[in-house]
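Asks: Take this structure first; my questions come after.
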Ligand SMILES: Nc1nc2c(c(=O)[nH]1)N[C@H]1C(S)=C(S)[C@@H](COP(=O)(O)OP(=O)(O)OC[C@H]3O[C@@H](n4cnc5c(=O)[nH]c(N)nc54)[C@H](O)[C@@H]3O)O[C@H]1N2
Ligand SMILES: Nc1nc2c(c(=O)[nH]1)N[C@H]1C(S)=C(S)[C@@H](COP(=O)(O)OP(=O)(O)OC[C@H]3O[C@@H](n4cnc5c(=O)[nH]c(N)nc54)[C@H](O)[C@@H]3O)O[C@H]1N2
Ligand code: SF4
Ligand SMILES: [Mo]
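In the numbering used here, the protein residues as written are 1 to 728.
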């Protein structure tokens, strides 16, 4: 980002300006009083986990005189290796943000009134029981951010007999996961630090932050590795790269097919690996002749000679060469062709013979927690598929039953199939496509209970809002997120006492279960559950509390054994896809929609992360919003030449219009973006009036995104947006 240089001095200035705001409030929120009282006070350090985003970095929370002083990274944590990011630093201040929820709320007419926890539980249980009796268990749902510490929510849904547990996967990663699973049996990791050649296609770990990855890329580069970034936009990761290739968005599949063509035609692949560990290479040889690099150049606009050069360089560095497994940006849930793009990417890696190899793609070790049985028997699993079509033969055949298709909930509510739901650490009104439709669907529910820390858009329309304690105020279920060369367990634990009448999420789930009549599956507290689940891993809860993260299990071993695919091998040709009548060898597939090349106002609308914000949940953080404003980051990126053709100057206001929405924003003209698209940072566009700092700042791509369900996986296809951009 050329114009967003955040110097330390600049950051401190905004931080000091923000700190002043806290002195206006009273009690523990009063920063000045605390500074005075704390001079000379002892510092306690509590190892815990940052909840500023899904990375869940290991941290130490330093507490002075009962108040949080600062956080530092835990060097033992696989995911962040001792560092923390700007949004983690900023987000912790929300602990003292007066805009927090301070107690349970009940909707009365169009207002909220305070209610006690006990009354709220009783009323929710009465209404829920009526809905369960009248409509059956399949009429209720739970949707949350998919974190391992949210496991008890799934248990609650099963105890109530409902299959309808959802995560945000269909708006984030389900195409990527399905592509990898169909090809190599599971989602692997990247062994970045040992790689000699790293090709990243539409992933931006330096902006869509993954701190461990950035550190490992830096380590590899220091040892001489080459980094190539394929991104229509000059991203923060492109800044670190040896080469940046501004691809035409939606055409990564063509780029990868062109590379595979070179691997095959020039015999650059690992012949032994292909012979012993893959199926379908012959079919690939037949199909791939259709995609020479000259063809790919015409589609993706990366020169044929560059495609050839990268393929040759990677083959030379193999097997310590990798194409990053990806996340959200290019093929997580973006295009009609995203699933096939993920497949092609997995196959290209396999041809390098890098599967489960050092410096390549590897299957990480992850901790397998023990069960609560026999002490606490688990409820039976519901035997039905989900109403969204996952787990039902014939519909979204590669959809994830575990994640479900959460952005289908509004349709299911409008159709009357879902009647009541719990939304936990998730904000579908802002993070799902086409908010008008999401609002209509969620408003149709007879009962909506939202568990959040603030009055988000979704909380604003709930019947009951149950406030969860801030992450530094609560102890959570054991986290197993940090897989790697050796598995880890980690623990989010209380560092400061709750400031308000809030409760930890796990306690809320257990208390809800008891009031809903399924308490027999929840006759434990989180301390006991954590202790039981660690039993089989050979580590103690006491030690975990002391350290925050612990290594468990065996160390990763190199070598590609039997894979979790039908053939036990890498499926270049997929028999599963053949049976389903989907292309069983990747072949070119157009995106669903494309801008009109002859229309100067027509663009594809892309979106993505900025390093200082998480989704739509940190825009209300005053320090972080101050940075956005100071560095003028709330703007639509547009290619300079195209902007000039529209009569625009840098900083002008523009009008964006799609099939489903319109809005105004200022433009950032830059050479750092492909001419066919515009790019909107995805952290803004808050429309909950309760979020005072963030309200009405910027736009969200979801305002312009029609409601789509990709036919293979059911994902939201969130970059299939054509917009008209005009001077406002
Ligand atoms: N700062 C920050 N970090 C985060 C998060 C956050 O909210 N904020 N969230 C976390 C989560 S949940 C996720 S899923 C990850 C997401 O991490 P990423 O997937 O890295 O994030 P994005 O910013 O969505 O997209 C990455 C890049 O893809 C590019 N891109 C868009 N379309 C295309 C295309 O068609 N082809 C190619 N080649 N590139 C394209 C974008 O320009 C962008 O630079 O980040 C995680 N880390
Ligand atoms: N507008 C927009 N939409 C997006 C994205 C985006 O960047 N912007 N990214 C897409 C991607 S990649 C993803 S992964 C999804 C993510 O979308 P969601 O799963 O909806 O996640 P978030 O927006 O991070 O946060 C959801 C809610 O959790 C609340 N929250 C934060 N901390 C806590 C806590 O400790 N406890 C509780 N109970 N609640 C808490 C926040 O206040 C917020 O209301 O969105 C997708 N859609
Ligand atoms: S990446 Fe940043 S916000 Fe996310 S968990 Fe780590 S420190 Fe917190
Ligand atoms: Mo995501």
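Even for Gly, the Cβ is constructed at its ideal location relative to N, Cα and C.
In the DSSP assignment, find the unbroken alpha helix (DSSP H) run with residue 623 in it and report its ends.
Replies: Taken as a continuous stretch (DSSP letters only), the alpha helix (DSSP H) holding residue 623 covers 622 to 630.
Asks: Would you decide whether residue 110 is buried or exposed? Buried here means 16 or more other CB atoms lie within 10 Å of its CB.
Replies: Per the 10 Å Cβ criterion, exposed.
Asks: What residues in its chain sit with their C-beta under 7 angstroms from that of residue 182, if we drop five residues either side in the sequence?
Replies: If we look at residue 182 and ignore the five residues flanking it on each side, its Cβ neighbours are 343, 398, 571, 574, 576 and 577.
Asks: If you follow the beta strand (DSSP E) that residue 49 is part of, which residue opens it and which one closes it?
Replies: From DSSP, the beta strand (DSSP E) with residue 49 extends over 43 to 49.
Asks: Anyone know if the C-beta pair for residue 306 and residue 245 falls short of 8 angstroms?
Replies: Yes. Within cutoff.
Asks: Give the straight-line distance between the Cα atoms of residue 373 and residue 158, rounded to the nearest whole angstrom.
Replies: For residue 373 and residue 158, the distance between alpha carbons rounds to 15 angstroms.
Asks: Can you check which of these residues, 367, 162, 35 and 55, is closest to residue 135 by C-alpha distance?
Replies: Measuring from the Cα of residue 135, the nearest candidate turns out to be 162.
Asks: Looking only at DSSP bridge pairs, what is residue 635 linked to?
Replies: Paired residue(s): 666.
Asks: Going by DSSP, name the residue or residues bridged to residue 245.
Replies: 230, per the DSSP bridge assignment.
Asks: Start and end of the beta strand (DSSP E) containing residue 490?
Replies: Segment 486 to 490, the beta strand (DSSP E) holding residue 490.
Asks: Mind pulling the alpha helix (DSSP H) runs of 4 or more residues that sit fully within the region 490 to 516?
Replies: Within the region 490 to 516, the complete alpha helix (DSSP H) runs of at least 4 residues are 505 to 515.
Asks: Identify, in the order they occur along the chain, each residue of the same chain with its Cβ nearer than 8 angstroms to the Cβ of residue 634, setting aside the five sequence neighbours on each side.
Replies: Counting only Cβ-Cβ distances below 8 angstroms, and skipping sequence neighbours, we find 628, 665, 666, 681, 684, 697 and 698.
Asks: At which residues does the beta strand (DSSP E) containing residue 64 begin and terminate?
Replies: Residues 58 to 64.
Asks: Do the region 497 to 505 and the region 468 to 479 meet, that is, are 3 or more Cβ pairs less than 8 angstroms apart?
Replies: Taking 8 angstroms as the limit for Cβ pairs, the verdict is that the region 468 to 479 does touch the region 497 to 505.
Asks: With H, G and I counted as helix, E and B as strand and the rest as coil, what does DSSP make of residue 607?
Replies: Note: residue 607 maps to strand in three-state DSSP.
Asks: So, under 8 angstroms CB-CB, residue 261 and residue 591 are touching, yes? Tell me the CB distance rounded to an integer number of Å.
Replies: About 21 angstroms; that fails the 8 angstroms criterion.
Asks: From residue 659 to residue 568, what distance separates their C-alpha atoms?
Replies: Straight-line Cα distance between these residues: approximately 45 angstroms.
Asks: Which residue from 45, 82, 513 and 400 puts its Cα closest to that of residue 65?
Replies: Considering only alpha carbons, the answer is 45.
Asks: What did DSSP end up calling residue 655 once you bin it into helix, strand or coil?
Replies: Residue 655 falls in the strand class under three-state DSSP.
Asks: In chain order, what residues place their C-beta within less than 5 angstroms of a heavy atom belonging to ligand 3?
Replies: Every residue passing the under-5 angstroms Cβ criterion appears here: 50, 52, 53, 55, 57, 84, 85, 87, 88 and 209.
Asks: Would you mind working out which of 630, 387 and 377 sits nearest residue 532, comparing C-alpha positions?
Replies: Cα-wise, what sits closest to residue 532 is 377.
Asks: Kindly give me the distance between the Cβ atoms of residue 176 and residue 326, rounded to whole angstroms, as I take these residues to be in contact under 8 angstroms.
Replies: Yes, residue 176 and residue 326 are in contact; Cβ-Cβ is about 5 angstroms, under 8 angstroms.
Asks: Roughly how many angstroms separate the alpha carbons of residue 295 and residue 625, rounded to a whole number?
Replies: Whole-angstrom Cα-Cα distance: 45 angstroms.
Asks: Between the C-alpha atoms of residue 24 and residue 30, what's the straight-line distance to the nearest angstrom?
Replies: At residue 24, the pLDDT of 34 sits below 50, so the modelled position is not reliable; the number obtained from the coordinates is stated separately. Roughly 7 angstroms between the two C-alpha positions.
Asks: What do you reckon, are the CB atoms on residue 57 and residue 356 nearer than 8 angstroms?
Replies: Not in contact: residue 57 and residue 356 (Cβ atoms no closer than 8 angstroms).
Asks: Quick one: what's got a C-beta closer than 6 angstroms to residue 450's C-beta in the same chain, skipping five residues either side?
Replies: Counting only Cβ-Cβ distances below 6 angstroms, and skipping sequence neighbours, we find 423, 458, 459, 462 and 465.
Asks: Which residue or residues does DSSP assign as beta-bridge partners of residue 673?
Replies: The partner list for residue 673 (beta bridge, DSSP) reads 233.
Asks: If contacts are defined as beta-carbon pairs under 8 angstroms, then residue 184 and residue 565 qualify, I think. What distance do you get, rounded to the angstrom?
Replies: Sure, about 7 angstroms apart at Cβ, within 8 angstroms.
Asks: Is residue 690 near ligand 4, in the sense that its beta carbon is under 7 angstroms from a heavy atom of that ligand?
Replies: No, ligand 4 has no heavy atom inside 7 angstroms of this Cβ.
Asks: Take residue 268 and list the residues in its own chain whose beta-carbon comes closer than 6 angstroms to its own, dropping the five residues that flank it on each side.
Replies: For residue 268, where only same-chain residues beyond five positions count, the Cβ hits under 6 angstroms are 315.
Asks: Taking the runs of the beta strand (DSSP E) that are 3 residues or longer, which of them lie wholly in the region 94 to 123?
Replies: Complete beta strand (DSSP E) runs here, min 3: 105 to 108 and 111 to 114.
Asks: Would you call the region 167 to 174 and the region 402 to 409 touching, i.e. three or more CB-CB distances under 8 angstroms?
Replies: Cβ pair count under 8 angstroms is three or more, so yes.
Asks: Give the C-beta separation of residue 270 and residue 352 to the nearest angstrom, bearing in mind that I take them to be a contact with Cβ-Cβ under 8 angstroms.
Replies: That pair is a contact at about 6 angstroms.
Asks: Tell me, please, whether the region 187 to 203 touches the region 595 to 607 by the rule of three or more beta-carbon pairs shorter than 8 angstroms.
Replies: Taking 8 angstroms as the limit for Cβ pairs, the verdict is that the region 595 to 607 does not touch the region 187 to 203.
Asks: If you follow the beta strand (DSSP E) that residue 591 is part of, which residue opens it and which one closes it?
Replies: Here residue 591 belongs to no beta strand (DSSP E), and DSSP marks it neither H nor E.
Asks: Which two residues bound the contiguous beta strand (DSSP E) that contains residue 198?
Replies: Counting along the chain, the beta strand (DSSP E) containing residue 198 begins and ends at 197 to 201.
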